[in-house]
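So the structure is just underneath, and the comments pick up after that.
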Amino acid sequence: MNDRKYTLRLKVFNGFMLFIVDSILILLSCFIAYYLRFYTEIFSMVLFSGTINSNYVLYSLIITVSSIILFAIFGLYDINRAYRNLYYYLKIPAIILVVVLITYFSARIIDGFYFSRLWIGFVCVIGIITVSIGRFLYGKLIKLFFRRAGIPYEGLIIDFLDYIRAFNENSRVKKKVIYGIVLVANDIFFLGAAFYLSYYIRFNIDAFEEDQVIYFIEKNYLFYSVIFIISAILIFSIFRLYNWDNIYRGSGYYSRIVKGIIINIIVIILAGYIFDLFTFSRKWILLLFIFSMLFIYASRIIIDFVGFRLIKKAGASPATIIVGIGENSKRIEDSFSKYSLEDDEILGYVDNKQRIDADKDYSKYFNILGGLNDLKKIIYKYKVQRVIISGPEYKYFEILDILEKLKGIDISVLVFPGFFEFSVKRMNMREIAGIPLMQVTNIGFFGINLFIKNVIDYVLGSILFIFFI
0 MNDRKYTLRL KVFNGFMLFI VDSILILLSC FIAYYLRFYT EIFSMVLFSG TINSNYVLYS
60 LIITVSSIIL FAIFGLYDIN RAYRNLYYYL KIPAIILVVV LITYFSARII DGFYFSRLWI
120 GFVCVIGIIT VSIGRFLYGK LIKLFFRRAG IPYEGLIIDF LDYIRAFNEN SRVKKKVIYG
180 IVLVANDIFF LGAAFYLSYY IRFNIDAFEE DQVIYFIEKN YLFYSVIFII SAILIFSIFR
240 LYNWDNIYRG SGYYSRIVKG IIINIIVIIL AGYIFDLFTF SRKWILLLFI FSMLFIYASR
300 IIIDFVGFRL IKKAGASPAT IIVGIGENSK RIEDSFSKYS LEDDEILGYV DNKQRIDADK
360 DYSKYFNILG GLNDLKKIIY KYKVQRVIIS GPEYKYFEIL DILEKLKGID ISVLVFPGFF
420 EFSVKRMNMR EIAGIPLMQV TNIGFFGINL FIKNVIDYVL GSILFIFFI
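When we follow numbering that gives the first Met the number 0, the leftmost residue of the sequence shown carries the number 0, and every step to the right adds one.
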């Protein structure tokens, strides 16, 4: 679709409306940030009067105008350049962050051009959120307008569903990077929220405060907040909580979050000793642990739920094929159709041409895409993103040969071992003498576990017995 399909009038109208939306939302963000900084007790020792400082009006105008200029330079008002770019929604926070940083460093260089650092921080966070939401809502409206006016919009990335479809067509490396960035941004935001909420409850709620209410955040606690967030991101990275391939049900995903937060709390305590700033409240540490756990857990669950729903609605589930025809591969397809959260659909099957020709019934019950020799061609033709090898259908050396055929192709390769009867929670991968082995946890209680179970049974039984008597 080229530029000539859109009239000059339509381009000007679209750009003008986006300019109005962005200007209002950025100015509104500056005002909300000003109110939070100077009219809420937690961030200010002295409440200001009902007037707005004229300097901050000037700063807000500078931020707004700078953002609009950069939006224009990077094509966010051009109906073709903006809506064809996969990184459309990622440009918005990047530009606002750059503007805020330029404004902040200008204040440190120019005499008399100074303002609250908390205010500029709030402007950055609130501006990113409001402008992104505003652009999303505008995208929904403009798409509805296009549909009713009969204006073609196929191929344009306007709302989130279009974005999901375009995102799905990217390479796995790019998708993993983008998904990791989203999770990092999510964790930074909610860890910061957990920090400030725990601080506010500890020092501003009557049930916790001991001597007097403290309406501002101490310098030491600001230092701890930076250490807390940075160390959390590093620890989560070590626990592979930003790696797409290691985030799935049954992989110990949520237990790794718990471990990461516990280790992070220990890091904060050690940082207090190392930097000779060990003056924080133990109640605050406990609250920080609780809120961090709740916020990260809840946000990750919401991201998974919303992500799966969007993928399903956009019809952007990863194209999947099964290598190997047989009873096990059919059970895999049945499980995908019944239990897949992303509404995954198996495109078809690939197997040895000799096996396919030997049994004519295969074509009746299986959608055969071709033989193993054509595996690469099939992957490129159908834009396959995931290949599942049904292990029980092949001998060991045959699986190695299939993996060799898939070498160098940017897809996800999974091998099904044939253990439908085993829960993932009962299996762990181990390496002994250089050999990868799958350890199955025994069912039942032994040794100290049996002793603890008996103690709990008898104690609870005695308590319930006395209660009912």
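Just so you know, even glycine gets a beta-carbon here, dropped at the ideal spot from N, CA and C.
Are the segment 254-264 and the segment 303-311 touching, with three or more C-beta to C-beta distances below 8 angstroms?
no
Could you tell me which residues DSSP pairs with S411 in its beta bridges?
R385
Cutting at 7 angstroms between CB atoms, please list the residues of its own chain near I234, excluding the five before and the five after it.
G259, I262, N263
Sequence-distant residues of the same chain with beta carbon closer than 7 angstroms to Y178, five excluded per side
W243
Residue range of the beta strand (DSSP E) that includes Y348:
345-350
For A193, which option in A357, N219, L285, S291 has the closest C-alpha, if you only look at C-alpha atoms?
S291
Going by other Cβ atoms of all chains shown within 10 Å of its Cβ, with 16 needed for buried, is V11 buried or exposed?
exposed
With a threshold of 16 other CB atoms inside 10 Å of the CB of Q211, please say whether the residue is buried or exposed.
Interpretation of Q211 is limited by its pLDDT of 49, a score under 50 that renders its predicted location unreliable; no figure is taken from the coordinates.
What span of residues does the alpha helix (DSSP H) with G126 cover, start to end?
116-148
For T319, three-class secondary structure by DSSP
strand
Which residue from Y87, Y88, F114 puts its Cα closest to that of L100?
F114
Is it true that the CB of I125 sits closer than 8 angstroms to the CB of A32?
yes
Would the beta-carbon of L346 be found less than 7 angstroms away from any heavy atom of the ligand SAM?
Absence of the ligand SAM is noted for the structure shown, with no ligands found whatsoever.
For the segment 297-308 and the segment 146-160, state whether three or more C-beta atom pairs, one from each stretch, are separated by less than 8 angstroms.
no
Hey, would you say I320 sits closer than 8 angstroms to L368, going by beta carbons?
yes
Within its chain, find whatever has a CB closer than 8 angstroms to the CB of L9; leave out the 5 residues flanking it on each side and keep chain order.
I78, I150
Taking a contact to mean a Cβ-Cβ separation below 8 angstroms, would you say G370 touches V349 in this structure?
yes
Within a Cβ cutoff of 6 angstroms, which residues of the same chain sit near K329, ignoring the five residues on either side of it in sequence?
none
Hey, out of F307, F222, F15, I109, whose CA is closest to G271's CA?
F222
Give the C-beta separation of V181 and C29 to the nearest angstrom, bearing in mind that I take them to be a contact with Cβ-Cβ under 8 angstroms.
Not a contact, Cβ separation roughly 26 angstroms.
Our contact map puts F166 next to K174 with C-beta atoms below 8 angstroms; I'd like the distance itself, whole angstroms only.
6 angstroms
Beta strand (DSSP E) containing I367: first to last residue?
367-370
Could you pull out every residue in the same chain whose Cβ sits closer than 7 angstroms to the Cβ of G417, ignoring the five residues on either side in sequence?
N327, G390, P391
My parser needs the beta strand (DSSP E) runs of 3 or more residues fully inside the segment 150-228; what are they?
none
Since G417 is in the alpha helix (DSSP H), which residue starts that stretch and which ends it?
Premise fails: G417 is in no alpha helix (DSSP H) and is neither H nor E.
Straight-line CA distance for A71 to I127?
17 angstroms
Please state if the CB of L26 and the CB of S59 are separated by a distance shorter than 8 angstroms.
yes
What distance in whole Å lies between the Cβ atoms of I387 and L413, which are believed to be in contact at a cut-off of 8 angstroms?
5 angstroms
Taking the C-alpha atoms as reference points, what is the distance between L140 and G14?
14 angstroms
In chain order, what residues of the same chain lie with their CB nearer than 8 angstroms to the CB of R116, ignoring the 5 residues before and after it?
Y103
Just to confirm, are I378 and I408 a CB contact at a threshold of 8 angstroms?
yes
Helix, strand or coil for T63 per DSSP?
helix
Put N242 into one of helix, strand or coil per three-state DSSP.
coil
Are L17 and Y76 closer than 8 angstroms when you measure CB to CB?
yes
According to DSSP, is T102 helix, strand or coil?
helix
According to the neighbour-count rule (16 or more other Cβ atoms, all chains shown, within 10 Å of its Cβ), is V130 buried or exposed?
buried
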